[in-house]
Amino acid sequence: MIYTLVCDWADITTSLMDNRFAVVTEADSYEEAQQKAARAILARFPEATEFETEDSLWESETGAVTLLALYGDRTADLVDRTEYDILHA
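Each number in my numbering comes from the position in the sequence shown (counting from 1) with 616 added on.
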């Protein structure tokens with residue numbers, strides 16, 4: 617299954633790193649999609665690895681939050697698409 621996770625940083629300090637972002641990933645479950653997305657996010661934003669890991673990214677106050685999760689690659693449907701970093705995992 618293909619998932620699109622629309623995300624942002626949970627904390628204002630980390631949100632200053634870059635724009636909001638969306639991750640498109642193929643996985644057998646939502647949990648696996650989140651794990652693959654975490655890997656892609658930390659690769660794209662290496663400065664976040666100073667305070668986050670793949671395991672802590674979604675549950676930390678300085679990590680990432682999923683604003684919206686969708687089935688399929690829905691990045692073309694994002695309003696203000698140019699404001700998002702589109703990541704593929």
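The beta-carbon is built from N, C-alpha and C at its ideal position, and this holds for glycine as well.
Rank PHE637, ALA643, ARG655 by C-alpha distance to the C-alpha of TRP625 and give the top, closest one.
-> PHE637
May I have the straight-line CA-CA distance separating ALA656 from HIS704, to the nearest angstrom?
-> 7 angstroms
If you check the beta carbons only, do ARG690 and THR620 fall under 9 angstroms apart?
-> Yes, the Cβ-Cβ distance between ARG690 and THR620 is below 9 angstroms.
Rounded Cβ spacing between LEU694 and TYR700 (contact assumed at less than 8 angstroms) | So it is a contact: roughly 6 angstroms between Cβ atoms.
Between the Cα of SER645 and the Cα atoms of MET617, THR682, GLU663, which residue gives the shortest distance?
-> MET617
Terminal residues of the alpha helix (DSSP H) in which LEU694 lies = Run containing LEU694: none; DSSP gives neither H nor E here.
Quick one: give me the first and last residue of the alpha helix (DSSP H) that ALA659 is part of.
-> 646 to 660
In three-state terms, what does DSSP make of GLU666?
-> helix
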